[in-house]
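Here our numbering is used: the first residue of the sequence shown is 4, the next is one more, and so on. Note that the Cβ used here is the ideal one computed from N, Cα and C, for glycine as well. Here the structure is a predicted model, which means the values were calculated and not measured. Report on the structure given below.
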Amino acid sequence: MRSIALSGDMAIFSLTSPILAIETSCDETACAILSPDGAILAETVHTQSGHAALGGVVPEIAARAHLALLPGIVAETLDKSGLTLDEIGAFAACTGPGLIGGLIVGSNYAKGLAIAKDRPFVAVNHIEAHALTARLPGVAGDEIKFPYLLLLVSGGHCQCVAVHGVGIYEKLGGTIDDAAGEAFDKVAKMLGLGWPGGPALEKLAREGRADAVALARPLMGREGCDFSFSGLKTAVARQIASYGMAALPRVFAADIAASFQQCVCDVMADRARHALALLPDARSLVVAGGVAANGTIRKALEEVSTQAGILFVAPPLRLCTDNAVMVGWAAIETIRSYRHAGQAMEDGISAAPRPRWPLTEIVAAGVRQV
Ligand code: KG4
Ligand code: ZN
Numbered sequence: 004m005r006s007i008a009l010s011g012d013m014a015i016f017s018l019t020s021p022i023l024a025i026e027t028s029c030d031e032t033a034c035a036i037l038s039p040d041g042a043i044l045a046e047t048v049h050t051q052s053g054h055a056a057l058g059g060v061v062p063e064i065a066a067r068a069h070l071a072l073l074p075g076i077v078a079e080t081l082d083k084s085g086l087t088l089d090e091i092g093a094f095a096a097c098t099g100p101g102l103i104g105g106l107i108v109g110s111n112y113a114k115g116l117a118i119a120k121d122r123p124f125v126a127v128n129h130i131e132a133h134a135l136t137a138r139l140p141g142v143a144g145d146e147i148k149f150p151y152l153l154l155l156v157s158g159g160h161c162q163c164v165a166v167h168g169v170g171i172y173e174k175l176g177g178t179i180d181d182a183a184g185e186a187f188d189k190v191a192k193m194l195g196l197g198w199p200g201g202p203a204l205e206k207l208a209r210e211g212r213a214d215a216v217a218l219a220r221p222l223m224g225r226e227g228c229d230f231s232f233s234g235l236k237t238a239v240a241r242q243i244a245s246y247g248m249a250a251l252p253r254v255f256a257a258d259i260a261a262s263f264q265q266c267v268c269d270v271m272a273d274r275a276r277h278a279l280a281l282l283p284d285a286r287s288l289v290v291a292g293g294v295a296a297n298g299t300i301r302k303a304l305e306e307v308s309t310q311a312g313i314l315f316v317a318p319p320l321r322l323c324t325d326n327a328v329m330v331g332w333a334a335i336e337t338i339r340s341y342r343h344a345g346q347a348m349e350d351g352i353s354a355a356p357r358p359r360w361p362l363t364e365i366v367a368a369g370v371r372q373v
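Below is the structure:
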């Protein structure tokens with residue numbers, strides 16, 4: 004393996020041509036091409052369909068599907084951009100955290116392209132990519148200032164992160180059991196809805212009453228900003244069991260859906276308030292992850308931001324859920340931050356995929372203002 008500074012001679016790397024990025028950490032096979040200033044030249048996201056029938060993402064199936072899909076998705080993205088591989092200045096891929104099979108496929112594919120074209124490779128942390136999306140030109144861009152609070156709520160992640168600068172992250176709290184999206188998916192399954200369950204549950208909740216079923220709010224009011232959803236899931240299961248699944252009337256299912264959603268919503272607003280208390284100089288609250296698609300939750304978090312007198316940023320849904328634009332943008336931000344700090348940057352070609360990769364272990368120039 005080569006291990007060279009990005010500009011060869013330990014000089015500081017500067018991106019002058021577009022970057023091609025790949026995301027394969029879960030069940031989205033995605034590729035994007037961004038100009039050096041972050042303009043999206045082309046993007047493709049393919050959500051693998053085979054998992055729905057199995058009730059969740061099967062890691063081995065996902066990895067094989069990434070392998071089968073990736074060449075076509077990269078070719079399609081290049082085609083949309085009107086560029087050839089020779090015109091790409093750098094390659095990037097998500098190398099963790101995530102499902103190891105997918106990470107191996109995506110990062111090796113991007114590394115192969117980087118080696119073939121003799122271009123640098125940037126290894127991107129998935130959570131960091133979600134954290135920096137709000138700074139993408141056209142989302143909040145320059146309006147968003149450090150530090151800000153990121154609330155990442157998806158099927159696999161549920162955490163509050165203080166973003167002090169590019170490369171400077173602090174996990175303020177996270178779930179001690181299930182992720183929020185996972186709870187939505189499990190409750191939806193109990194109600195006989197499809198997978199992923201979040202969107203279907205939100206739809207059904209519109210027919211129900213949010214105060215119909217009493218559910219305890221886990222960790223609400225507790226110090227810090229950790230989450231816990233496994234007890235809530237059990238509480239819902241008990242309510243459903245009192246009816247017997249086959250006989251569950253739609254009105255009751257809708258009441259359960261609305262009450263559960265309200266419960267998650269209240270907990271999330273409370274946890275966000277507590278996280279802001281831990282980060283009193285926060286200038287914005289940013290949400291990301293599939294659960295951020297939920298209208299009730301979005302509204303509650305917007306209210307928390309308004310009360311705190313800070314900016315609320317919810318990137319457009321396609322950038323909230325897994326995508327490769329965020330991977331490309333995080334790579335650009337990283338390259339810029341090294342440049343800004345006057346430090347040389349190592350080529351990520353020898354970075355191994357990591358199923359677990361805590362934000363605190365990101366090796367970066369660590370720049371508070373760029
Ligand atoms: O970010 P994402 O697309 O993938 C990862 O998990 O990384 O998030 C998917 C999760 C699923 O658990 C899905 O049920 C949930 O986000 N979700 C929702 C909604 N749309 C998607 N949860 C609640 N309400 C929604 N409208
Ligand atoms: Zn994600």
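Residue i versus residue j - alpha carbon distance
i       : j       : result
Ile-7   : Leu-44  : With a pLDDT of 44 at Ile-7, under the threshold of 50, the modelled position of that residue is not reliable, and no figure is offered here.
Ala-126 : Lys-120 : 17 Å
Ala-56  : Gly-195 : 13 Å
Ala-240 : Pro-252 : 15 Å
Ala-203 : Ala-191 : 7 Å
Pro-361 : Val-169 : 15 Å
Glu-336 : Leu-235 : 39 Å
His-160 : Ala-182 : 6 Å
Val-267 : Glu-90  : 47 Å
Ala-96  : Phe-124 : 8 Å
Leu-154 : Tyr-246 : 35 Å
Val-373 : Val-77  : Low local confidence applies: a pLDDT of 42 at Val-373 is under 50, so the model's placement there is unreliable, with the coordinate-based value given in what follows. If I take the Cα positions, the gap works out to 30 Å.
Leu-218 : Thr-237 : 10 Å
Asp-325 : His-49  : 10 Å
Ile-243 : Ala-257 : 12 Å
Asp-273 : Gly-224 : 7 Å
Ser-231 : Ile-118 : 44 Å
Beta-carbon contacts of residue i that lie in its chain and below 6 Å, excluding the five residues immediately before and after
i       : result
Ala-208 : Ala-260, Ala-261, Gln-264
Ala-68  : Gln-51
Sequence-distant residues of the same chain with beta carbon closer than 8 Å to residue i, five excluded per side
i       : result
His-54  : Asp-30, Val-60, Val-61, Ile-64, Ala-65, Trp-198
Pro-358 : Gly-99, Pro-100, Gly-101, Leu-102, Ile-103, Leu-106
Ala-355 : Thr-98
heavy atom of ligand 1 below 7 Å from residue i C-beta
i       : result
Asn-297 : yes
Glu-305 : no
Val-125 : no
Cys-161 : no
Ile-58  : Going by the sequence as given, residue 58 is Gly instead of Ile. Not so, every heavy atom of ligand 1 lies at least 7 Å from the Cβ.
Gly-141 : no
Glu-336 : no
Residue environment, residue i, which counts as buried when at least 16 other CB atoms sit within 10 Å
i       : result
Gln-310 : exposed
Asp-188 : buried
Gly-41  : buried
Ala-250 : exposed
Val-254 : exposed
Asp-82  : exposed
Thr-27  : buried
Asn-122 : According to the sequence as given, residue 122 is Arg; it is not Asn. Classification for Arg-122: buried.
Arg-321 : exposed
Asp-145 : exposed
Any non-hydrogen atom of ligand 2 closer than 7 Å to residue i Cβ
i       : result
Asp-188 : no
His-49  : no
His-133 : yes
Ser-3   : The structure shown does not extend to residue 3, since the chain is modelled only from 4 through 373, so no value can be given for it.
His-277 : no
Asp-325 : yes
Gly-292 : yes
His-54  : no
His-69  : no
His-129 : yes
Cβ-based neighbour list, residue i, same chain, cut-off 7 Å, excluding 5 preceding and 5 following
i       : result
Ala-285 : Pro-150, Tyr-151, Leu-152, Leu-279, Ile-313
Leu-281 : Leu-175, Cys-228
Val-166 : Ala-134, Phe-149, Pro-150, Tyr-151, Leu-153, Tyr-172
Pro-318 : Thr-136, Ala-137, Val-142, Ala-291
Val-108 : Thr-27, Ala-66, His-69, Leu-70, Leu-73
Ser-38  : Pro-21, Leu-44
Self-check item: Whole runs of the beta strand (DSSP E) within the segment 117-166, excluding any shorter than 3 residues
Solution: If one requires a minimum length of 3 residues, the beta strand (DSSP E) runs lying completely within the segment 117-166 are 124-128, 151-156, in chain order.
Exercise. May I have a chain-ordered list of the beta strand (DSSP E) segments no shorter than 3 residues that lie completely inside the segment 265-347?
Key: Listed in chain order, they are 287-291, 314-316.
Exercise. Please list the segments of the alpha helix (DSSP H) lying wholly inside the segment 193-264, counting only runs of 4 or more residues, in order along the chain.
Key: Taking only runs of at least 4 residues, the alpha helix (DSSP H) segments lying wholly in the segment 193-264 are 200-208, 233-244.
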